[in-house]
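In the working numbering, each number is its position in the sequence shown, counted from 1, plus 213. Glycine included, every Cβ here is placed at the ideal spot set by N, Cα and C. Below is one structure; the comments refer to it alone.
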Amino acid sequence: MKKITVIFFLIFLSFLTSGYKKPDVYKIDAVRNAYIHNNKGTMYVQDRLYYPAIQEFKIAISLNPNTQATAVYYNNLGEVYMKIGAPDLAVDCFERAVLQYSLNLKYYQNLADCYIALNIADKKLEETRENSNPLNLIMRGLIYERTGNVRQAITTLDEFTYLEPDLLITPDVKRYLQNLVRENL
Numbered sequence: 214m215k216k217i218t219v220i221f222f223l224i225f226l227s228f229l230t231s232g233y234k235k236p237d238v239y240k241i242d243a244v245r246n247a248y249i250h251n252n253k254g255t256m257y258v259q260d261r262l263y264y265p266a267i268q269e270f271k272i273a274i275s276l277n278p279n280t281q282a283t284a285v286y287y288n289n290l291g292e293v294y295m296k297i298g299a300p301d302l303a304v305d306c307f308e309r310a311v312l313q314y315s316l317n318l319k320y321y322q323n324l325a326d327c328y329i330a331l332n333i334a335d336k337k338l339e340e341t342r343e344n345s346n347p348l349n350l351i352m353r354g355l356i357y358e359r360t361g362n363v364r365q366a367i368t369t370l371d372e373f374t375y376l377e378p379d380l381l382i383t384p385d386v387k388r389y390l391q392n393l394v395r396e397n398l
């Protein structure tokens with residue numbers, strides 16, 4: 214009986230001192246992977262490798278399709294399309310970026326540049342007048358500026374800053390407006 218007790222004690226003691234540890238589990242995180250692919254895309258853009266960059270941005274978008282970060286991925290993709298001379302592909306990217314996160318002035322600026330490149334600025338100007346969304350004032354002001362009507366652009370952007378003083382985008386619009394006034398008046 215004493216032998217059996219000693220054997221059980223030794224077996225129990227071996228379990229305690231064996232140092233068993235659960236193996237690490239690798240967790241696949243799509244959001245993190247999307248971030249990594251976006252960073253790879255920006256590195257490709259810096260090296261002027263635009264087609265691999267396009268693929269990386271598309272992968273980032275597919276891994277993380279409906280968040281605020283996706284707006285950055287769409288904007289990056291649109292900028293690459295503009296660099297390779299494909300504004301018809303870029304317009305959809307910039308519109309989606311504005312749709313995903315409408316409080317970044319850079320997205321509106323890129324979209325206005327794309328409208329100018331596609332020669333549809335007048336049509337989009339009319340569309341922004343029909344819609345009552347106050348953020349359309351930003352797009353209208355940028356289109357005015359890009360088409361050479363700077364005074365109307367200043368008036369429109371100033372109207373936006375007056376009507377919407379508490380939005381996150383308003384300080385950026387104010388800074389842009391100050392630079393525009395400084396350069397043109």
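Three-way DSSP call (helix, strand, coil) for residue i in this model
i: T360; result: coil
i: D385; result: helix
i: D260; result: coil
i: I375; result: Note that residue 375 corresponds to Tyr in the displayed sequence, not to Ile. Of the three classes helix, strand and coil, the one that applies to Y375 here is helix, per DSSP.
i: Y239; result: coil
i: L380; result: coil
i: N346; result: coil
i: N397; result: helix
i: T218; result: helix
i: T280; result: coil
Spatially closest choice to residue i from the options, by CA coordinates
i: A310; options: N332, Y328, V285; result: V285
i: A247; options: I267, A266, I272, P300; result: I272
i: A243; options: E340, P300, N279; result: N279
i: R359; options: Y321, P378, D385, D379; result: Y321
i: D305; options: N289, L318, L316, N317; result: N289
i: Q268; options: D237, R245, Q281, Y294; result: Y294
i: L350; options: S315, P265, G254, I333; result: S315
Between the CA atoms of residue j and residue i - distance to the nearest angstrom
i: F225; j: Y257; result: 57 Å
i: I329; j: R364; result: 18 Å
i: H250; j: R353; result: 34 Å
i: A366; j: Y239; result: 53 Å
i: L393; j: A325; result: 16 Å
i: D379; j: K336; result: 30 Å
i: R342; j: L376; result: 16 Å
i: V386; j: T374; result: 7 Å
First through last residue of the alpha helix (DSSP H) which encompasses residue i
i: S275; result: 263-276
i: T341; result: 334-343
In chain order, which beta strand (DSSP E) runs of at least 3 residues are fully inside the stretch 284-327? none
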